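Worksheet for the structure shown next.
2 protein chains.
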Amino acid sequence: MARAVDHAERREIFAAAALRVIMREGVAGLTVRAVAAEAGFTTGALTHYFNSKDQLLIEASELSARLVRERMERAERVRPALEAVRRVVALALPLTAETRGYWRIWLAYWERSSYDDEVARVMRLRYDEWRGRLERVLRRAQSEAAVAPEVDAREAAEALIALVDGIGVQVVLGVSRISAARQRAMFDAWLDKVRSGRAPTHGLRRSA
Amino acid sequence: MARAVDHAERREIFAAAALRVIMREGVAGLTVRAVAAEAGFTTGALTHYFNSKDQLLIEASELSARLVRERMERAERVRPALEAVRRVVALALPLTAETRGYWRIWLAYWERSSYDDEVARVMRLRYDEWRGRLERVLRRAQSEAAVAPEVDAREAAEALIALVDGIGVQVVLGVSRISAARQRAMFDAWLDKVRSGRAPTHGLRRSA
DNA sequence: CGCAAAACATAACACACGTTCTGTACATTC
DNA sequence: GAATGTACAGAACGTGTGTTATGTTTTGCG
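Protein chains in written order, with the working numbering: chain A, 1 to 208; chain B, 209 to 416.
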């Protein structure tokens with residue numbers, strides 16, 4: 001036997017390269033040759049770790065999820081809960097260049113999932129996780145009386161996802177330069193609808 | 209000379225076929241052979257009317273816009289203006305199977321526009337038209353005192369577009385079965401924020 | 001009619017793609 | 001230090017692609 005390299009690590013290198021290719025040229029530009037070159041290898045190396053392009057596509061998607069998950073979980077634990085809602089959503093909004101890159105990737109996966117069942121299945125898992133996270137933190141905010149008790153947490157989470165997705169799309173398309181401030185304002189307007197009067201979270205402003 | 213067929217009509221036949229192919233298999237499945245077969249012709253016929261695939265892609269996009277524009281313009285003229293807002297948005301929401309088909313097409317064009325400059329240019333025009341329409345009808349509603357005067361029509365239009373896009377994405381992905389009723393409820397909740405108190409449009413409920 | 005141009009069909013072309021196959025350097029185990 | 005399987009490189013293969021080139025039918029006009 002002979003093994004000097006970490007198998008999982010190499011796979012992640014290729015997955016990360018795939019994400020960069022998608023950011024630059026879309027899923028249509030995602031070829032095994034392009035990914036291999038981006039990673040600094042040849043197709044022979046890539047096929048040694050992935051025996052199909054579909055596997056690579058899925059693994060890249062899972063990498064992108066893993067990259068944000070840790071930060072999301074940290075933001076979710078913040079107290080008070082209403083501030084956690086703010087931080088979690090702030091991580092999802094395309095406020096930074098990095099997040100805008102992720103939005104381009106997600107848009108690509110959305111398109112593909114509309115006719116690729118395997119990708120659709122993975123996307124569904126991602127959304128369940130995302131909705132669950134929002135639902136959880138909204139419920140916590142309710143228990144702290146920061147969100148009105150008559151609000152249905154599940155429906156609120158779905159509405160919030162729709163808002164965030166809508167903002168993400170417009171920013172990626174560049175159809176209207178929605179500034180970071182405007183993104184926050186749109187989110188705050190939504191949050192105001194949902195909040196109960198006696199929330200003690202006033203004056204808490206986050207950085208960019 | 210010899211011409212028995214309407215040139216523009218034939219082009220539209222191919223453009224419509226392209227839309228159907230995109231609906232069924234995404235932009236990745238949009239091949240000149242597939243479109244020609246879908247239209248009941250061969251590639252020779254297609255190239256007689258379009259000398260590049262990109263031209264076909266753009267023309268198909270313009271067809272999809274034209275198909276909804278007429279209905280949009282009709283809905284926009286409805287009075288009172290607040291009801292026009294409702295109808296225009298209802299046309300955009302993925303309430304029917306037909307509209308859901310269009311959403312799949314638009315999603316495909318979004319993805320492509322993130323790395324194809326020509327498609328991005330066309331998409332930008334579409335969005336300007338769409339935002340302009342919403343802005344116009346919202347302003348009219350303001351002049352009828354159905355929307356609060358302090359609302360910025362442009363910003364409100366952008367927020368509304370984000371909401372509609374977000375709903376559209378979730379429905380196309382099928383990540384959460386947002387019913388037609390829920391879609392309307394989400395829109396109504398948004399509209400309530402924007403309305404002034406003395407709007408005379410209560411009790412007016414549209415059909416599905 | 002005759003003929004020229006339009007409206008197609010069909011085939012060929014060059015290329016890029018995912019996949020597979022073959023070859024080779026190298027680290028590890030005996 | 002040979003043996004052996006890993007980690008790659010690089011080329012080849014078959015297929016599907018957009019485009020182009022070459023036919024064949026159809027249609028209007030003098």
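From the three backbone atoms N, C-alpha and C, an ideal C-beta is built for every residue, glycine too. Since the model is a prediction, treat every value here as computed from it, not as a measurement.
Residue(s) in a DSSP beta bridge with residue i
i	result
V355 (chain B)	B:R403
Own chain partners of residue i with C-beta closer than 6 angstroms, once the 5 adjacent residues on each side are dropped
i	result
R219 (chain B)	Y257
A247 (chain B)	I221, F222, A225
A36 (chain A)	T42, T43, L46
L56 (chain A)	A18, F50
A356 (chain B)	S404
L315 (chain B)	V380
A242 (chain B)	V229
R87 (chain A)	A75, V78
G368 (chain B)	First, the residue type needs correcting, since residue 368 (chain B) is Leu and not Gly in the sequence shown. Excluding positions up to five away in sequence, the list reads L342.
V27 (chain A)	A108, R112
W157 (chain B)	With chain B covering 209 to 416 only, the question about residue 157 (chain B) has no answer from this structure.
L399 (chain B)	none
A361 (chain B)	E343, L346, R347
Residue i - containing alpha helix (DSSP H), residue span
i	result
V297 (chain B)	289-300
S64 (chain A)	53-76
Y115 (chain A)	From DSSP, Y115 (chain A) is part of no alpha helix (DSSP H); its letter is neither H nor E.
L46 (chain A)	43-49
G168 (chain A)	153-173
R385 (chain B)	First-last for R385 (chain B): undefined, no H or E at that position.
A17 (chain A)	7-25
A37 (chain A)	32-39
When the options are compared against residue i, the one with the closest alpha-carbon
i	options	result
G340 (chain B)	A:T96, A:R140, A:S176	A:S176
E83 (chain A)	A:R66, A:I13, A:V137, A:A185	A:V137
S61 (chain A)	A:G168, A:L46, A:M23	A:M23
A223 (chain B)	B:D396, B:E233, B:S272	B:S272
T43 (chain A)	A:V32, A:N51, A:Y115, A:G168	A:V32
V402 (chain B)	B:E233, B:R392, B:E358, B:D324	B:E358
Q183 (chain A)	B:D400, B:A389, B:E366, B:R390	B:E366
V275 (chain B)	B:V286, B:V379, B:T307	With the sequence shown as reference, residue 275 (chain B) is identified as Leu, and Val is not the correct amino acid for it. Comparing Cα-Cα distances from L275 (chain B) to each of B:V286, B:V379, B:T307, the minimum goes to B:T307.
V380 (chain B)	B:A212, B:A361, B:A305, B:F249	B:A305
A216 (chain B)	B:V235, B:E267, B:A397, B:L227	B:E267
D373 (chain B)	B:A389, B:A361, B:M394, B:D360	B:M394
L342 (chain B)	B:A389, B:E281, B:Y310, B:V229	B:E281
L125 (chain A)	B:E363, B:Y323, B:G382, B:D325	B:G382
E278 (chain B)	B:W338, B:A388, B:L399, B:A236	B:W338
E363 (chain B)	A:G29, A:A4, A:V88, A:A181	A:A181
L30 (chain A)	B:Y323, B:L368, B:W398, B:R285	B:Y323
A162 (chain A)	A:V27, A:V89, A:G101	A:V89
Proximal residues to residue i (C-beta, below 8 angstroms), its chain only, five neighbours per side dropped
i	result
W110 (chain A)	M123
V327 (chain B)	L265, I266, S269, Y317, R320, S321
G411 (chain B)	Any reading at G411 (chain B) must be qualified, since the residue scores a pLDDT of 36, below 50, and its modelled position is unreliable; the value itself is stated next. The answer is none, since no qualifying residue turns up.
E233 (chain B)	A242
D396 (chain B)	none
Y335 (chain B)	I369
Cβ-based neighbour list, residue i, same chain, cut-off 7 angstroms, excluding 5 preceding and 5 following
i	result
R413 (chain B)	Caution is warranted here: a pLDDT of 38 is assigned to R413 (chain B), below 50, making its placement in the model unreliable, and no coordinate value can be reported.
K261 (chain B)	V240
D214 (chain B)	none
I178 (chain A)	I167, Q170, V171
I313 (chain B)	L227, I230, M231, S272
G309 (chain B)	M231
A4 (chain A)	none
Given 8 angstroms, three or more beta-carbon pairs between the stretch 345-356 of chain B and the stretch 93-109 of chain A = Contact fails: fewer than three Cβ-Cβ distances are below 8 angstroms.
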